[in-house]
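Engineer: I'd like to ask some things about the structure below.
Chains as they are written, first to last, in the working numbering: chain V, 1 to 270; chain A, 271 to 681.
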């Protein structure tokens, strides 16, 4: 029930922020910020209900992980929502979040699958860390999308468009860099924690290979993007394109691996 | 009711060779004013306007003829005469930049305020024109805030600032490199400085000219030989030289971008022939705009300004109607009527919500009415003896007869 309320709020707030692209008033923005906080509160409540009902952090299934990813991403966007110039990023994030919520909400049920194993805390920490990293990549992907749109508007000289009131390119590049760096740090931590968990549980590499390889591939893509930025000064468009490629890869790997190898992580589900 | 009249010699009515001859000063206007008349003159490069009340149009034309040396027929042919509502509307249109050559430009408002200060110093305006000008400034402000007419820059410098803000955010922290020290470059650099650019560097073939412009703008003059190095630090480059060959090549920009670690750079090339090789725009994170690209943006902005101007006209209609109503109230007859209406409202207010024994209410009302009439006798006699706008305005202010003053009183 609360997840449905969260979905409705995400959709409404998303529509509100899209309207804000064309109707820029402070009062309207104040209302939208309030709605955004309400979204997170209701989504957080739904998450805690799910947690309480299942007796464990709800990250055992792909849908639960996605649910948490949306919550984490919403939290990661808060600093930008409260900054006037970057608040408009929500117009790009919230509709995507609503669509994902619409897909996962029906299958979010408490206690559908239970984590077990003596070292499950490692697993939970690993998952939290990876999802936090992915949330930062969501921010980076949104910033990249907005960067590419805004850059196109500037290059074509269409700066008279209402849509052109997007954050300045250097600001978007800063957000992109910051979220990539934080995401990369979280993913790296998550991979180390995952390795510790697998080793403590005595899990064979072969059973977790697809996800480990997918994770390593993503890690390499984002690592490359950061490296190129420092080494040869890749800023702006190129970083945005690599980030978007990495993000699409992340989505495809998440969907593909979970569909093809549902228990590939070797976690015992009762 | 006093009528406001206006003679306007502007870019629509007169060619530049006539416009440049006509200038009307407030000191000269004072010569033809008497105690009941007022006048205000506005002189810009595109227009000369004279507004007045209580004068004969022939008198004003004679003054302009005398000051400009133009013949009467020529002057009448090159000007338009407006009276009453039309002149008020015209004043508001001028203040808002809706009658300007560059639709919606804001410079005119500043010029009008300067002219008003001169008029106040010379004592040529009084109650009516003071109010009209304040209303005109107010209408201009409303148009600026309630319509998007000012959101579409149409000058090269404004374009440069706008583009820079889209890329860098605030331009205060960015370095502006001006290549060339001619008029175009100077104007653009000045506008950029006015819009917040703090670090100005000027490069010119003749270093002495660059030094002069740098002194004028508070920037730094740099030798022309250092142009390639300057591209490394300059974030906004405005170039306008008379060179027949490009002075900024693709290789120069590519080398600078490498040293800049691909920090974005905007190059605005307003020179014809172009100062920057077209291929330079292909360099990563280099945003190059030549005069044609800028003109295309300006054309689109003009189209937007025209559509916003339609909204602005409705504000003009509203504000000029309000002013017209106020002007109408400036007659002794209307003011006396308003005073009696105020008296009736007060009496009704005092008697409302109270119960009185049979017949006492009427008695009390008669008593109150007689008292109020005695009280109003003096201002009414004063109005009849002094029917001028200034005295009527005094009475209206004292009794808060106008919405504006009532609002202020409440506030």
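For each residue, glycine too, the CB sits at the ideal point set by N, CA and C.
Any beta carbon from chain V within less than 7 Å of residue 555 of chain A's own beta carbon?
Structural biologist: By this cut-off, residue 555 of chain A is an interface position.
Engineer: Give a yes or no on whether 7 Å exceeds the smallest Cβ distance from residue 88 of chain V to chain A.
Structural biologist: No, residue 88 of chain V lies away from the interface with chain A (no Cβ there is under 7 Å from its Cβ).
Engineer: Look at the alpha carbon of residue 123 of chain V and the alpha carbon of residue 133 of chain V, and state the distance between them as a whole number of angstroms.
Structural biologist: Rounded to the nearest angstrom, the two C-alpha atoms are 15 Å apart.
Engineer: Determine contact between the segment 510-525 of chain A and the segment 552-569 of chain A, defined as no fewer than three beta-carbon pairs at a distance below 8 Å.
Structural biologist: Yes: at least three Cβ pairs fall under 8 Å.
Engineer: What residues from chain A crowd round residue 168 of chain V, counting only those whose CB sits closer than 7 Å?
Structural biologist: Within 7 Å Cβ-Cβ: 435, 436, 437, 438 and 439.
Engineer: Specify the secondary structure class of residue 269 of chain V as computed by DSSP and reduced to three states.
Structural biologist: Reliability of the predicted coordinates at residue 269 of chain V is poor, the pLDDT of 38 falling under 50, and the value obtained from them is presented with this limitation in mind. Residue 269 of chain V: strand per DSSP, three-state reduction.
Engineer: Flag residue 191 of chain V as yes if its beta-carbon sits less than 7 Å from any beta-carbon of chain A, otherwise no.
Structural biologist: Chain A contact via Cβ: absent.
Engineer: Note the first and the last residue of the continuous beta strand (DSSP E) segment covering residue 322 of chain A.
Structural biologist: Counting along the chain, the beta strand (DSSP E) containing residue 322 of chain A begins and ends at 317-323.
Engineer: Extract the residue ranges of the beta strand (DSSP E) inside the segment 337-411 of chain A, only unbroken runs of 3 or more that lie entirely within it.
Structural biologist: Segments of the beta strand (DSSP E) lying fully in the segment 337-411 of chain A: 350-353.
Engineer: Using a C-beta to C-beta distance shorter than 8 Å, which residues of chain V count as neighbours of residue 563 of chain A?
Structural biologist: Those within 8 Å of residue 563 of chain A in chain V are 157.
Engineer: Are the beta-carbon atoms belonging to residue 497 of chain A and residue 470 of chain A less than 7 Å from one another?
Structural biologist: Not a contact, by the Cβ cut-off of 7 Å.
Engineer: Is residue 674 of chain A close to chain V, meaning its C-beta is less than 7 Å from at least one C-beta of that chain?
Structural biologist: Confidence in residue 674 of chain A is poor, its pLDDT being 48 and thus under 50, which makes the residue's placement too unreliable to answer from.
Engineer: Helix, strand or coil for residue 237 of chain V? Go by DSSP, reduced to three states.
Structural biologist: Note: residue 237 of chain V maps to helix in three-state DSSP.
Engineer: Quick one: is residue 552 of chain A near chain V, going by C-beta distance under 7 Å?
Structural biologist: No, no contact with chain V.
Engineer: Taking 6 Å as the limit between beta carbons, can you name the residues of its chain near residue 374 of chain A, skipping five residues before and five after?
Structural biologist: Counting only Cβ-Cβ distances below 6 Å, and skipping sequence neighbours, we find 367, 419 and 575.
Engineer: Apart from the five residues just before and just after residue 39 of chain V, which ones in its own chain have a Cβ nearer than 6 Å to its Cβ?
Structural biologist: Cβ neighbours of residue 39 of chain V beyond the five flanking positions: 9, 10 and 13.
Engineer: Does any C-beta atom of chain V lie closer than 7 Å to the C-beta of residue 650 of chain A?
Structural biologist: Not one chain V Cβ lies under 7 Å of residue 650 of chain A.
Engineer: Can you pull the chain V neighbours of residue 559 of chain A, defined as C-beta to C-beta under 8 Å?
Structural biologist: The answer, in chain order, is 157.
Engineer: Please list, in chain order, the chain V residues whose beta carbon lies closer than 8 Å to that of residue 566 of chain A.
Structural biologist: Those are 157, listed as they occur along chain V.
Engineer: When you compare only the Cα positions, how much space is there between residue 664 of chain A and residue 642 of chain A?
Structural biologist: If I take the Cα positions, the gap works out to 19 Å.
Engineer: Name, please, each residue of chain A whose Cβ falls closer than 7 Å to the Cβ of residue 233 of chain V.
Structural biologist: Within 7 Å Cβ-Cβ: 531 and 532.
Engineer: Expressed to the nearest angstrom, what Euclidean distance is found between the alpha-carbon atoms of residue 152 of chain V and residue 158 of chain V?
Structural biologist: Each residue's Cα considered, the two are about 9 Å apart.
Engineer: Does the beta carbon of residue 31 of chain V come closer than 7 Å to any beta carbon on chain A?
Structural biologist: Not closer than 7 Å to any Cβ of chain A, the Cβ of residue 31 of chain V fails to qualify, so no.
Engineer: May I ask you to list, following chain order, the residues of the segment 232-251 of chain V that have a beta carbon less than 9 Å from some beta carbon of chain A?
Structural biologist: Within the segment 232-251 of chain V, the qualifying residues are 232, 233, 234, 235, 236, 237 and 238.
Engineer: Out of curiosity, what's the CA-to-CA distance linking residue 50 of chain V and residue 15 of chain V?
Structural biologist: One C-alpha to the other measures close to 27 Å.
Engineer: Look at the alpha carbon of residue 388 of chain A and the alpha carbon of residue 341 of chain A, and state the distance between them as a whole number of angstroms.
Structural biologist: Roughly 28 Å between the two C-alpha positions.
Engineer: Name the chain A residues that come within less than 7 Å of residue 154 of chain V, Cβ to Cβ?
Structural biologist: Within 7 Å Cβ-Cβ: 433, 436, 437 and 557.
Engineer: Within its chain, find whatever has a CB closer than 7 Å to the CB of residue 646 of chain A; leave out the 5 residues flanking it on each side and keep chain order.
Structural biologist: These residues qualify, in order along the chain: 609 and 613.
Engineer: In whole angstroms, give me the CA-to-CA distance for residue 61 of chain V and residue 23 of chain V.
Structural biologist: Between residue 61 of chain V and residue 23 of chain V, the C-alpha separation is close to 40 Å.
Engineer: Does the beta carbon of residue 171 of chain V sit closer than 7 Å to a beta carbon anywhere in chain A?
Structural biologist: Yes, contact with chain A.
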